[in-house]
Structures are given as C-alpha cells and as structure tokens.
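Numbering (the working numbering), first residue to last: 888 to 1010.
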C-alpha cells in the first residue's frame, strides 16, 4: 500500500419505479449510488440496494416476478400512483359520474363522408 488517503466517496440516494411489460408486476426500489474515482481517472458508479451491491438497474433490469427483462423504468412514486383506483390531474377535483345514461331518441345515423362510406360498404 502506498499510504495515500482515499478520497471521500460521494453517495447519492435515488429511487425508481419499475413495471414489467411481460407480467405487469410493479415495484419500487431505492438505491445508494457511490461515485468512485478509478486509478485511470474515470468515475465508477456502484449501486447498493438495502446495503447489498447490485448491478445498475438502468442497464438490464430484471423483473422479480417473472424474471423477464422487458421492464419500464419510471421516476419514483409512479407505481404507487397507478395503484389508486381513480386518478385526476393534480390541482383539479375528481369529476362526478352522471346520474344516468343519456336518453337516446332513436337510432343514431353515422355522419360524415367516411361514416357513410363504411356504412354502405358494411351494409
């Protein structure tokens, strides 16, 4: 050993939401990312999840539900928001459902050129 002191390690905490496009499993994970300087001067990133070193989740994420690699990565909190039954735009109240179905006065005739074309074609 040369006895040179190691430079301090910068650690950043980031969290991501994941959704598997194969089995529809969704999960969130927080990572402690350590930035190290290699001997050749490159910056090396080490990802830690729950205190265990893991590969970068951004390179080839694996679904813990089915083992698939078709995974969408989103910003933190997206899986929790998707679990809510009704969503509306932030800052706007939820819309009330209509009391009943609108009354229909008779058969609705298609309007427009393409509607007439398809109605003649399909009979």
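Backbone N, C-alpha and C fix where the C-beta goes; we use that ideal spot for every residue, glycine too.
Quiz item: In its own chain, which residues sit with a C-beta less than 8 Å from the C-beta of residue 905, not counting the 5 before and 5 after it?
Solution: Counting only Cβ-Cβ distances below 8 Å, and skipping sequence neighbours, we find 913, 914, 915, 916, 944, 948, 950, 958, 959, 960, 961, 966.
Could you check what DSSP says for residue 888 in three-state terms: helix, strand or coil? Reliability fails at residue 888, whose pLDDT of 48 lies under 50, so the model's placement of it is uncertain and no value is given.
query = Taking the alpha carbon of residue 918 as the point to measure from, which residue in 908, 927, 910, 942 has its own alpha carbon closest?
reply = When only C-alpha atoms are compared, the closest one is 942.
Out of curiosity, what's the CA-to-CA distance linking residue 1008 and residue 955?
-> Each residue's alpha carbon lies about 45 Å from the other.
field: Rounded C-alpha distance that separates residue 911 from residue 926
entry: Going by the C-alpha atoms only, they are around 42 Å apart.
Residue 930 versus residue 897 - alpha carbon distance = Distance between the alpha carbons of residue 930 and residue 897 is about 11 Å.
For residue 913, which residues does DSSP report across the bridge? In the DSSP output, where bridge partners are listed per residue, residue 913 has 906.
(message) Can you list, in chain order, the residues of its chain with a C-beta nearer than 8 Å to that of residue 940? Leave out the 5 residues immediately preceding and following it.
(response) Answer for residue 940: 933, 934, listed in chain order.
- Query: How far does the beta strand (DSSP E) with residue 896 in it reach, from first residue to last?
  - Reply: First-last for residue 896: undefined, no H or E at that position.
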